[in-house]
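Chains as they are written, first to last, in the working numbering: chain V, 18 to 386; chain P, 18 to 386.
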């Protein structure tokens, strides 16, 4: 199957990933960490897209704190296409800018939107799904979302409610839902036509540009002006000056939900059921589960250290590179050590690690965030 | 009350204290650590004895691994009186050697035997008890043991069973017992005439010398020969050559138990009931309890670190100097970090930390022990 030569990956890499503190920091966010193997999350993201798009067709949208590290990690990408937002304005302006930038040189551009910090267990199946989605997106004013088949009760994700199957091999999207409570999540899992919203979307740049003009009429012209300055000496200044004037809104709220509200038959939003070992690694706990599935360690202990000794210790995630670790009589702990910090929590409560970063932010302990 | 001018403290400082790993090491044993305040345990031991005996009357018996650090920590003591055993031979030969050494210059010497790694909460009461004990010891062929009034069920100590009160203000010792099981410990606590064996003894050097000649007839002459060489150029060589020939036996087995077996009225062993805030700091857990009693910290968390943030965390002991520590949703943990090691255990299981050192010994990971 040939890949559409007009396909451009746009990778969003501006998040902080605070739940991986103390490893993740403002200048070393989750996507810049090698949480799963030798490559960092963003290097893996690019690597698995390269068979579909050459380096020069990749775009990354990040911020000034992270751009220097991304440049170092991805030396083959065009530095001009690694954009640092002067301020964060959520996803709608970021993706919109990418659409207007692509349209300057390629009216047939198909834009794929990708988070930079997810794990894909089966890259070949992932690319097959993408190829299929790119075809659907290229065929008209369509929006394609990759929906992950739920494998467990999960209240931490948004869900996609799918409707009728379409001739193009996807399912028509009926509705996007917020993160459900446990009762709803149970219902969703049982129903069979609900999928996790992966945050991966495919659409023609022109489709997206038109959607922005329709749904964000004030922001779209600003983005067009910024895009028009790209490649000139005025770009940096224009970007810095105009971008803060954009609405601060997610693409979900700005475009997808109102578009879906037009109704299953009219919205042209399609869900591609996806099953390629996706994992968003949302916390130390999901990282522990991911690695434990892969390596099936004795007693469930995952320890990265210079050496270790476990005595009556089970199911712990311990990261203390360079140290000898002794775990005696402890279970279900997460312990992560860096040069300047030590986190001690449990597999049950590791999602609260973001609150540590919030505390450090509030106390202006900038050297630790 | 005047102190007997013939009183000589002999401090045993050859133990490893492996239960304080990773802080304690072969060359930095528990007694060399500042576990309770700014002074190390051995510095505190000497400091609280100084009102009873000048520096030049202190003797320390240790080993070659620890002697250099002890010399640095106690610069006012006479280096010649900080003896390093060429090999460990348990307590009987160590104390016996001290007795023969003291007798060379002072036939009226009263020898006080002291561990080097205990905490004394009330040093003034401690010295009052010692003054009383020194008088009893000096008055004849008596052996005085400081017996700690039990304050809890404890199966980790040896006990002293006391009998009739003596005119000298102490209780006659009926028997020394091994560490009891829980049922026996309960019985001991209820009975009221059982005391914890503190390991602190007082006796005339001549009493001890005679006891050794009686109970260890092969070892006593060896110790006398070594003592005779003290102060000469041959001492180091004599010590190294002869000391290994001594029996490897504790003073309890060699002298105290057989002597007590002579019967309450004949043994001349006296127990001084003692109540001066004694704590042997046997583990991280007892250190946690000791500090928690003293400082009564919020939520029972004791954290020595560059900074810390606790969220839903209770009753943890965390030592990570120089780091910012975040504890989220964890309870009753002991976490101790050094340059090269990280220990993670619980207050319930910290007595098993010695097994980590045993493992490291077996694996010949010498740099970690």
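All residues carry an ideal CB built from backbone N, CA and C; glycine is no exception.
Here the structure is a predicted model, which is why all the values come from computation and not from measurement.
Test item: CB-CB of residue i and residue j under 8 Å
{"i": "residue 46 of chain P", "j": "residue 36 of chain P", "result": "no"}
{"i": "residue 105 of chain P", "j": "residue 80 of chain P", "result": "yes"}
{"i": "residue 301 of chain V", "j": "residue 353 of chain V", "result": "yes"}
{"i": "residue 202 of chain P", "j": "residue 117 of chain P", "result": "no"}
{"i": "residue 335 of chain V", "j": "residue 322 of chain V", "result": "yes"}
{"i": "residue 163 of chain P", "j": "residue 206 of chain P", "result": "no"}
{"i": "residue 123 of chain V", "j": "residue 23 of chain V", "result": "yes"}
{"i": "residue 57 of chain V", "j": "residue 50 of chain V", "result": "yes"}
{"i": "residue 151 of chain P", "j": "residue 143 of chain P", "result": "no"}
{"i": "residue 222 of chain V", "j": "residue 230 of chain V", "result": "no"}
{"i": "residue 192 of chain V", "j": "residue 277 of chain V", "result": "yes"}
{"i": "residue 25 of chain P", "j": "residue 70 of chain P", "result": "yes"}
{"i": "residue 31 of chain P", "j": "residue 99 of chain P", "result": "no"}
{"i": "residue 160 of chain V", "j": "residue 313 of chain V", "result": "no"}
{"i": "residue 107 of chain P", "j": "residue 266 of chain P", "result": "yes"}
{"i": "residue 134 of chain P", "j": "residue 48 of chain P", "result": "yes"}
{"i": "residue 180 of chain V", "j": "residue 281 of chain V", "result": "yes"}
{"i": "residue 344 of chain P", "j": "residue 327 of chain P", "result": "yes"}
Start-to-end residues for the alpha helix (DSSP H) that takes in residue i
{"i": "residue 231 of chain P", "result": "222-232"}
{"i": "residue 28 of chain V", "result": "Taken as a continuous stretch (DSSP letters only), residue 28 of chain V belongs to no alpha helix (DSSP H), being part of the beta strand (DSSP E) at 24-29."}
{"i": "residue 63 of chain V", "result": "58-66"}
{"i": "residue 106 of chain V", "result": "No alpha helix (DSSP H) holds residue 106 of chain V; DSSP gives it neither H nor E."}
{"i": "residue 251 of chain P", "result": "That residue, residue 251 of chain P, is in no alpha helix (DSSP H); it is neither H nor E in DSSP."}
{"i": "residue 289 of chain P", "result": "No alpha helix (DSSP H) contains residue 289 of chain P, which is instead part of the beta strand (DSSP E) from 286-291."}
{"i": "residue 85 of chain P", "result": "84-90"}
{"i": "residue 371 of chain V", "result": "370-379"}
Cross-chain neighbours of residue i in chain V, by beta carbon under 9 Å
{"i": "residue 357 of chain P", "result": "323, 339, 340, 341"}
{"i": "residue 335 of chain P", "result": "359, 361"}
Run of the beta strand (DSSP E) containing residue i, from where it starts to where it stops
{"i": "residue 143 of chain V", "result": "Counting along the chain, residue 143 of chain V falls outside any beta strand (DSSP E), though it belongs to the alpha helix (DSSP H) covering 140-155."}
{"i": "residue 362 of chain V", "result": "358-363"}
{"i": "residue 305 of chain P", "result": "Looking at the DSSP string, residue 305 of chain P is not in any beta strand (DSSP E); the run it does join, the alpha helix (DSSP H), is 301-312."}
{"i": "residue 192 of chain P", "result": "188-194"}
{"i": "residue 75 of chain P", "result": "No beta strand (DSSP E) holds residue 75 of chain P; DSSP gives it neither H nor E."}
{"i": "residue 14 of chain P", "result": "Residue 14 of chain P lies beyond the residue range present for chain P, which begins at 18 and ends at 386; the question has no answer from this structure."}
Distance, residue j Cα to residue i Cα
{"i": "residue 384 of chain P", "j": "residue 83 of chain P", "result": "15 Å"}
{"i": "residue 269 of chain V", "j": "residue 380 of chain P", "result": "57 Å"}
{"i": "residue 368 of chain P", "j": "residue 184 of chain P", "result": "41 Å"}
{"i": "residue 332 of chain P", "j": "residue 308 of chain P", "result": "12 Å"}
{"i": "residue 228 of chain V", "j": "residue 318 of chain V", "result": "49 Å"}
{"i": "residue 360 of chain P", "j": "residue 377 of chain P", "result": "13 Å"}
{"i": "residue 283 of chain P", "j": "residue 157 of chain P", "result": "13 Å"}
{"i": "residue 289 of chain P", "j": "residue 189 of chain P", "result": "9 Å"}
{"i": "residue 218 of chain P", "j": "residue 257 of chain P", "result": "27 Å"}
{"i": "residue 38 of chain V", "j": "residue 375 of chain V", "result": "11 Å"}
{"i": "residue 305 of chain V", "j": "residue 357 of chain P", "result": "24 Å"}
{"i": "residue 127 of chain V", "j": "residue 195 of chain V", "result": "27 Å"}
{"i": "residue 303 of chain V", "j": "residue 337 of chain P", "result": "26 Å"}
{"i": "residue 350 of chain V", "j": "residue 102 of chain V", "result": "37 Å"}
{"i": "residue 19 of chain P", "j": "residue 146 of chain P", "result": "13 Å"}
{"i": "residue 255 of chain V", "j": "residue 246 of chain V", "result": "7 Å"}
{"i": "residue 175 of chain V", "j": "residue 325 of chain P", "result": "34 Å"}
{"i": "residue 348 of chain P", "j": "residue 330 of chain P", "result": "6 Å"}
{"i": "residue 364 of chain P", "j": "residue 370 of chain P", "result": "11 Å"}
{"i": "residue 235 of chain V", "j": "residue 111 of chain V", "result": "15 Å"}
{"i": "residue 59 of chain P", "j": "residue 168 of chain P", "result": "25 Å"}
{"i": "residue 149 of chain P", "j": "residue 141 of chain P", "result": "13 Å"}
{"i": "residue 299 of chain P", "j": "residue 52 of chain P", "result": "11 Å"}
Under 8 Å by beta carbon: chain P residues contacting residue i
{"i": "residue 346 of chain V", "result": "362, 363, 365, 366, 369"}
Cβ distance (whole Å) where residue i is taken to contact residue j below 8 Å
{"i": "residue 178 of chain V", "j": "residue 214 of chain V", "result": "Between residue 214 of chain V and residue 178 of chain V the Cβ distance is about 10 Å, and since that is not below 8 Å, they are no contact."}
{"i": "residue 9 of chain V", "j": "residue 225 of chain V", "result": "This structure leaves residue 9 of chain V out entirely; chain V is present only between 18 and 386."}
{"i": "residue 173 of chain V", "j": "residue 366 of chain P", "result": "With 8 Å as the limit, residue 173 of chain V and residue 366 of chain P do not qualify as a contact, their Cβ atoms being about 33 Å apart."}
{"i": "residue 44 of chain V", "j": "residue 86 of chain V", "result": "7 Å"}
{"i": "residue 275 of chain V", "j": "residue 232 of chain V", "result": "6 Å"}
{"i": "residue 166 of chain V", "j": "residue 291 of chain V", "result": "7 Å"}
Within chain P, partners of residue i - CB distance below 9 Å
{"i": "residue 376 of chain V", "result": "326, 328, 343"}
{"i": "residue 137 of chain V", "result": "Ordered by position in chain P, no residue passes the 9 Å Cβ test against residue 137 of chain V, which lies about 29 Å from the chain."}
Beta-carbon neighbours of residue i, restricted to chain V and to distances below 8 Å
{"i": "residue 352 of chain P", "result": "352, 359, 361"}
Check: residue i C-beta below 7 Å from any heavy atom of the ligand NAD
{"i": "residue 325 of chain P", "result": "With respect to small molecules bound, the structure shown includes none, and the ligand NAD cannot be examined in it."}
Residues that residue i contacts on chain P, provided the C-beta gap is smaller than 7 Å
{"i": "residue 385 of chain V", "result": "341"}
{"i": "residue 396 of chain V", "result": "With chain V running from 18 to 386 in the structure shown, residue 396 of chain V is simply not present."}
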